[in-house]
Amino acid sequence: MKRVALPKALGWLAPILAVAACDDFPPKGWFVDRTRILGARVEAAGDPDRASLAAGERGTIGWLVATTAGTPAPRLGWSFATCARPAGNFAEPRCEEGALSSGRGTADAPVVAMPFEVPPTNADELLVIAAFCPDAPPELEPRAFDARCSNGVMPLLASTLVALRTPNKNPRIADDAVRVDGAVIPPAAPGTPCASLTPVRGLEHTFFFRFEEAQREPDETLTVSQFVNGGDLDRQYSVLEKGAAPSDADVRWNAPTASAAGVPVDVHFVLRDGRGGLAFARRTVCALP
Amino acid sequence: MTTPCLVPKGRALALCAALALVAGRAVAQEPALVPPSLVRADAVSDPRAGAAPRESVDLEIDIDKEGAVLAVRAVGRPEGDPLATAAIAAAKSFVFSPATRDGAPVPARVRHAVVFEERVPVTASFGGTITDREKGAPIAGAEVVLSTGARTTTGADGKFRFDKLAPGPVRITVSAEGRVTQVVEETLGGGELTETKVQLEEPADPEAFGATARIDPPPRETTRRSLSGDELFRMPGTRGDPLKAVQLMPGVGRQAFGSNSVVLRGANLYDSQVFAEGAPVPLLYHFGGLSSFVHARALEAVDVYPSNFSTRYGRKLGGVIDVRLRDPRTDGLHGVLDLSLIDSSLLVEAPVGDKLSVLGTFRRSNIDAVLNSAQNTADLNITSAPVYWDYQSVVVFKPSDDDKIRLLAFGSRDRLALLFKKPNDVDPSIRGALEQSLEFHNVQLGWKHRFRGGAEQSTEFTYGRTDTSEGFGNVGAGKFGLDTLQLRSEWTVPVSPAIRIVGGVDVLSSRINGQYQGIAQPADEGDTPIGISGQRTISIKAVEWIQQPAAYLEVGMRPFDGLLITPGVRADYNDFVNEGSIDPRLSARLELDADTALKGGVGRYTGHPQESRVISPIGNPAIGLAHSTHATVGIERALGERASFSVEGFARWMSDMVRPTPGGRPPFYLDDQDGRVFGGEALLRLKPSGRFFGFVSYTLMRSERRDAGDSWRLFDRDTPHMVSSAGVVRLGRGWETGAAFRFTSGTPYTPIIGSSYDARTDTYVARRGAPMSDRNPPYVRLDMRLEKKWTFSAWALAAYLDVQNVLNSPNREGFAYNYDYSQRYGSSTLPILPSLGIRGEL
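In the order they appear, the protein sequences are chains A and B.
With this note's numbering as the guide, the letters of the first sequence map in order to residues 1 to 289.
With this note's numbering as the guide, the letters of the second sequence map in order to residues 1001 to 1842.
This is the structure we're talking about:
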């Protein structure tokens, strides 16, 4: 008898188990210890709920940027390029054939909006690669997806895909979908003083994210990513599987040690439908002793 | 009147014709009639076997006026008589000068007698001298038993002799009271006396290793390393598992994490094959190396051919491991019960009557009893800890001294199931239930027959069924079944004492049936994609029949004593890729003296691609066969009776190997990869005898790959230096201890030099540096074993402690990374692993 050679599990089981076995290695993805991109929301011009575009149509990609606790949002120079999604089962995000379109600009975090127009293409999906530099313009090389900041800082590199053939809507996060210890966390503007934020006292808390059927289209699996820039989260992801009844995702959070004046902690919830649709909610709580 | 007799070339052929009617007219009418005369007669082959009397066949032959034979009839012989048939066949090729009348040619009818002379069988004689190894004195009264059943005892001068034996291979068992029994194999030449010298030794003490020493005939392969006898299950760190001991052999790379096979002389895992009794099996080890798939005590031997294997094997570019199951014992009921923390096993064997004997084994893992309760955490639930079982059964029936029929059945199952209670923080696709199982069963019916004259044939028919099942959340799920039918038939014909011909067929027919949906299978060699969420999914549903017939021929030639040259050729065909191959191979062995032999081999080898690389829509149907050339030269030297030393240099050049396209782009795979391997091995070995056995080996090797258009790079399992040593000593009073040490260079890897954020999946995509430009730290491992055995009158009990990785070396193999690849952590292999067990032997 010969070896069963058709897709055999051991090939991908080994890397999976290797990754899974490293659950306790810090730092975790949920901890914002530097300026990071946390997601990209695609919105069709005039229809922000729509995440899919057509060739020639205009839209905007809003990149959600998070910073460390107490750090003001930096001014980011950005540059992007678009091309058809490269073929291949393990394709890396690069415009090997060159960019179909490109753009550059400057924006203030926390959301960097890049207006663009879908170039003529027969592709099912459009790859958008982007580079960000704090306080400087980046030079983006799309074929290798490499970039350089003029001030010598390491650039942030990020990519996303825009659906061109399959219609899709962005999910929605209701204002009251995010709670801490059962209390709704209202949105707050960046820089709001700790005393005006939702207070949380002590160390052990729980964030709740309310999954709702209205958030998704049929047969979608929703994944919410949670991020904080203070304290420790129990995990980064919560998933509402396709076909499963919606319920609350609860994530335990150990708040950071705080002085009497309190420590503001940003909490980000990024909701994805797995097909390119995305919504995010940024909240800030005040951690108190 | 009779015609003159013709006896061509001394052969018993007489021509005696009666032309009564024609001759009568010739006398009455002048001038006389001239009868036809035989001008050419080929030799008539005698169809009879063995001894036979002189016989004559009368033929009536019609001849035309050209002298050609028109018709031949046997007179007085029944229809289908073999002698008449042979005589008629020969007479049809006779050529006559035509009969004439008045000088003009005319048709004629003649009587002709074909004589078959008395047939005296060609026999062989065999004799020799039995002496004491230490003193050199002849041993009187030693019993010499041949595999034909003949037996005798030596005289006062230590000599023995057999006459009237059938020529061909024979196995000789020599025993004498107070001496270690020896088994020797010889090939007897027809019409001559073959002599041998056998030295028997006294056992060093009652606890010495090796009750029976086995001397095999010179191998057909350049390099064959065999484990047998005590070496099979006494190697430290193997828990008595001979297939784990294989990893200590030179040229055998250390087992890759999660792999169920081994790397032989720098070949890809897929390019080497494990056989059980000549039939391919899908795995060598349970669950990445805990244990092999076969019970050690059911083994006759394990043969490792790291390259330059004979024409008997094919379809692979690398090496071969062949596991041979032994016959059941025929001297009563025996059994072995082995209980350890890792697994438990039972072996039972017994004769059933005079001609039938049976053996059966079963083994099951015990790991689940420990893991199910201890390893469940808040994040991970082991719903089914690694469970494996395997079995082997052997039924042997010997209807005669020349026939052996074996019915084998063996199989194995591995299953693992996990439940990830929450999505992994590095990649949310890693969540949910993970399940994987592999199960196979083989049934083999074999018949071996020895013909008079020394020829042998062995035929094995094997049916196998393999089922794989795998699933992990959204990552992938699939089920495949594989049915295989294999026919192997091999004939060995000793044409003369100097020439032996081996020919055979090896027909493999496979049916694959199954489906899979999920991420694509990563490459076998080279970089492995790490991110899962960003990968495209593939889907396949397949039902395929694949035919792989092959035939081979070898000729073993001894142009003079001490030199064996074995040229051979193997022809293969694969209807899945619609391509065939013809691979010539040559090996030679020159015995310079009784202790030293030079050997070498060169040959072409063909590798058949994995079906998943060829089948549409996930593979490339244009992929063909891969090829390699193996070359090995070496020298072996016996150092006294117990030790041996060998040095070998080897090279392998590979071409047309399958490699994945960059990024997994269509057509997903191409067959344009080249490979080259160069190296040398040295092995010093002390056979199990006396109170100690062991070996030390060193391998120096470099293995490289080159994709089309690229420069050479390192093979991802390249290990330039490998040092292995193992030793076992019996301390007395039933105590036995041993240690095994293994050092290998670290394997190369491609470093990760950065990452970019994938906003669609909230994961990071690694950015890679130069391929295989960095190397893991060396692998160092020390294993130890301690055993105490109590021997009673009818049975024995042993308790043992086998400790793997005594030094608890981390032995890093690759890395795990944090979420954005900015930090990495070495992935370690097995930590220190003690295994305590008891074994009862009946």
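Note that the Cβ used here is the ideal one computed from N, Cα and C, for glycine as well.
Small disclaimer: the values here were computed from a predicted structure and weren't measured.
Chain A contact for GLY1310 (chain B) (CB, 7 angstroms cutoff): Numbered from its first residue, the second sequence carries residue 1310 (chain B) at position 310. The question names Gly, but residue 1310 (chain B) is Ser in the sequence shown. No, SER1310 (chain B) lies away from the interface with chain A (no Cβ there is under 7 angstroms from its Cβ).
Chain A contact for GLN1247 (chain B) (CB, 7 angstroms cutoff): For the purposes of this step, residue 1247 (chain B) is taken as the residue at position 247 of the second sequence. Not an interface residue.
Using a Cβ-Cβ distance under 7 angstroms, would SER101 (chain A) count as near chain B? Locating residue 101 (chain A) in the first sequence gives position 101, where the first residue counts as 1. Not closer than 7 angstroms to any Cβ of chain B, the Cβ of SER101 (chain A) fails to qualify, so no.
Chain-ordered chain B contacts of SER159 (chain A) [CB-CB under 9 angstroms]: For this step, residue 159 (chain A) is matched to residue 159 along the first sequence. The contacting residues are SER1756, TYR1757, ASP1758, ALA1759, ARG1760, VAL1765.
How big is the Cα-Cα spacing for HIS1608 (chain B) and GLN1521 (chain B)? Position 608 of the second sequence, counted from the start, is the residue given in the question as residue 1608 (chain B). Position 521 of the second sequence, counted from the start, is the residue given in the question as residue 1521 (chain B). Those two C-alpha atoms are separated by around 18 angstroms.
Quick one: does CYS22 (chain A) have its CB under 7 angstroms from some CB of chain B? By 1-based counting over the first sequence, the position of residue 22 (chain A) is 22. Caution is warranted here: a pLDDT of 45 is assigned to CYS22 (chain A), below 50, making its placement in the model unreliable, and the coordinate value is therefore given only provisionally. True, the Cβ-Cβ gap to chain B drops below 7 angstroms.
Here's the rule I'm using: 16 or more other beta-carbon atoms within 10 Å means buried, otherwise exposed. How should GLY124 (chain A) be labelled? The residue labelled residue 124 (chain A) in the question sits at position 124 within the first sequence. A small fix is needed here, since residue 124 (chain A) is Asp in this sequence, not Gly. With fewer than 16 Cβ atoms within 10 Å of its Cβ, ASP124 (chain A) is classed as exposed.
If we define contact as Cβ-Cβ less than 7 angstroms, is ARG165 (chain A) a contact residue for chain B? Taking the first sequence and counting its residues from 1, one reaches residue 165 (chain A) at position 165. Contact of ARG165 (chain A) with chain B is not assigned, every C-beta pair being separated by 7 angstroms or more.
For ARG201 (chain A), the nearest candidate out of A:ALA54, A:ALA261, A:GLY103, A:PHE80 (CA to CA): For the purposes of this step, residue 201 (chain A) is taken as residue 201 along the first sequence, with counting starting at 1. Nearest C-alpha to ARG201 (chain A): A:ALA261.
Can you list, in chain order, the residues of its chain whose CB lies under 6 angstroms from that of PRO110 (chain A), leaving out five sequence neighbours each side? Residue numbering aside, residue 110 (chain A) sits at position 110 when the first sequence is read from its first letter. These residues qualify, in order along the chain: VAL65, ALA73.
With LYS1244 (chain B) as the anchor, note down where its alpha helix (DSSP H) starts and where it stops. Start at 1 with the first residue of the second sequence, and residue 1244 (chain B) comes out as number 244. It spans 1242-1245 - the alpha helix (DSSP H) in which LYS1244 (chain B) sits, taken as one unbroken run.
With GLY1603 (chain B) and ASN1268 (chain B) assumed to form a contact (beta carbons below 8 angstroms), what rounded beta-carbon distance in angstroms separates them? If you number the second sequence from 1, residue 1603 (chain B) lands on position 603. If you number the second sequence from 1, residue 1268 (chain B) lands on position 268. The pair is not a contact, with the Cβ atoms about 18 angstroms apart (cut-off 8 angstroms).
Option in B:PRO1497, B:TRP1545, B:THR1537 with minimal Cα separation from THR1484 (chain B): On the second sequence, position 484 is the one that residue 1484 (chain B) refers to. Comparing Cα positions, the closest option is B:TRP1545.
Contact under 7 angstroms by Cβ, ASP273 (chain A) with THR284 (chain A): Along the first sequence, read from residue 1 onward, the residue named residue 273 (chain A) stands at position 273. Along the first sequence, read from residue 1 onward, the residue named residue 284 (chain A) stands at position 284. Contact: no.
Taking only beta-carbon atoms, is ALA1520 (chain B) less than 7 angstroms away from chain A? To locate residue 1520 (chain B), count along the second sequence from 1; it is residue 520. Closer than 7 angstroms: yes.
Would GLY276 (chain A) be called buried (16 or more neighbouring beta carbons within 10 Å of its own) or exposed? For the purposes of this step, residue 276 (chain A) is taken as residue 276 along the first sequence, with counting starting at 1. Burial call: buried.
Within 7 angstroms, strictly: CB atoms of TYR1764 (chain B) and ASP1820 (chain B): Taking the first residue of the second sequence as position 1, residue 1764 (chain B) is located at position 764. Taking the first residue of the second sequence as position 1, residue 1820 (chain B) is located at position 820. Result yes, Cβ atoms of TYR1764 (chain B) and ASP1820 (chain B) sit closer than 7 angstroms.
Residue ranges of each alpha helix (DSSP H) within the region 1030-1060 of chain B, 4 or longer: You should have found no qualifying run.
At least one CB of chain A closer than 7 angstroms to the CB of GLY1210 (chain B): is that the case? Locating residue 1210 (chain B) in the second sequence gives position 210, counting from the first residue. Any reading at GLY1210 (chain B) is ruled out, since the residue's pLDDT is 49, under 50, leaving its predicted position unreliable.
If distances are taken between C-alpha atoms only, which option among B:LYS1448, B:GLU1456, B:GLN1457, B:PHE1410 comes closest to GLU1439 (chain B)? If you number the second sequence from 1, residue 1439 (chain B) lands on position 439. Measuring from the Cα of GLU1439 (chain B), the nearest candidate turns out to be B:PHE1410.
Hey, which unbroken runs of the beta strand (DSSP E) at 3 residues or more fall wholly within the region 144-168 of chain A? Listed in chain order, the beta strand (DSSP E) elements of length 3 or more contained wholly in the region 144-168 of chain A are 146-149, 156-163.
Run the CB neighbour count on GLY1168 (chain B), radius 10 Å, all protein chains shown included, and call it buried at 16 or more, exposed below. Counting from one through the second sequence, the residue named residue 1168 (chain B) turns up at place 168. Looking at its Cβ environment, which holds 16 or more other Cβ atoms inside 10 Å, GLY1168 (chain B) is buried.
Give the secondary structure of SER1828 (chain B) by DSSP, where H, G and I count as helix, E and B as strand, and everything else as coil. Within the second sequence, the letter at position 828 stands for residue 1828 (chain B). Here SER1828 (chain B) sits in coil by DSSP.
Given that a residue counts as buried once 16 or more other Cβ atoms are within 10 Å of its Cβ, and exposed if not, what is ASN151 (chain A)? Translated into the one-based positions of the first sequence, residue 151 (chain A) becomes position 151. Under this definition ASN151 (chain A) is an exposed residue.
Sorted by chain position, which residues of the same chain lie with C-beta nearer than 7 angstroms to THR996 (chain B)'s C-beta, five sequence neighbours on each side aside? Outside the shown range of chain B (1001 to 1842) lies residue 996 (chain B), about which nothing can therefore be said.
Inspect the CB distances between the region 1065-1078 of chain B and the region 1040-1055 of chain B and report whether three or more fall short of 8 angstroms. no
For ASP250 (chain A), which of A:LEU222, A:GLU212, A:ASP181 has the nearest alpha-carbon? As a first step, residue 250 (chain A) must be located in the first sequence, where it is residue number 250. Of the listed residues, the one whose Cα sits closest to ASP250 (chain A) is A:ASP181.
Does the distance from the CB of GLN1486 (chain B) to the CB of ALA1279 (chain B) come in under 7 angstroms? Reading the second sequence from its first residue, position 486 is the one you call residue 1486 (chain B). Reading the second sequence from its first residue, position 279 is the one you call residue 1279 (chain B). Cβ distance < 7 angstroms, so GLN1486 (chain B) and ALA1279 (chain B) count as in contact.
For a contact meaning CB atoms closer than 8 angstroms, what does LYS28 (chain A) contact in chain B? To locate residue 28 (chain A), count along the first sequence from 1; it is residue 28. Contact of LYS28 (chain A) with chain B by beta-carbon distance below 8 angstroms involves ASP1425, ASN1818, TYR1819.
Find the nearest neighbour of ARG94 (chain A) within the set A:GLU213, A:THR160, A:ARG75, A:ALA54, judged by alpha-carbon distance. Your numbering for residue 94 (chain A) matches position 94 in the first sequence. Among A:GLU213, A:THR160, A:ARG75, A:ALA54, the Cα nearest to that of ARG94 (chain A) is on A:THR160.
Is the Cβ of ARG235 (chain A) closer than 7 angstroms to any Cβ of chain B? By 1-based counting over the first sequence, the position of residue 235 (chain A) is 235. Yes - at least one Cβ of chain B is within 7 angstroms of the one on ARG235 (chain A).
Taking GLY1453 (chain B) as the reference, give the member of B:VAL1443, B:TYR1800, B:ALA1124, B:LEU1359 with the closest Cα. For the purposes of this step, residue 1453 (chain B) is identified with residue 453 of the second sequence, where counting begins at 1. Selection B:VAL1443, B:TYR1800, B:ALA1124, B:LEU1359 evaluated against GLY1453 (chain B) yields B:ALA1124 as nearest (Cα-Cα).
What residues match up with SER1458 (chain B) in a beta bridge as DSSP calls it? What you label residue 1458 (chain B) is simply residue 458 of the second sequence in a count that begins at 1. According to DSSP, SER1458 (chain B) shares a beta bridge with B:LYS1448, B:GLU1490.
What first and last residue would you give for the alpha helix (DSSP H) that runs through PRO1082 (chain B)? Locating residue 1082 (chain B) in the second sequence gives position 82, counting from the first residue. 1082-1091 is the extent of the alpha helix (DSSP H) around PRO1082 (chain B).
Three or more C-beta pairs closer than 8 angstroms, one from the region 1645-1661 of chain B and one from the region 1564-1578 of chain B: is that the case here? no
For a cutoff of 7 angstroms on Cβ pairs, would you count ARG1570 (chain B) as touching chain A? Translated into positions along the second sequence, residue 1570 (chain B) becomes position 570. Chain A, which has no Cβ nearer than 7 angstroms to the Cβ of ARG1570 (chain B), makes this no.
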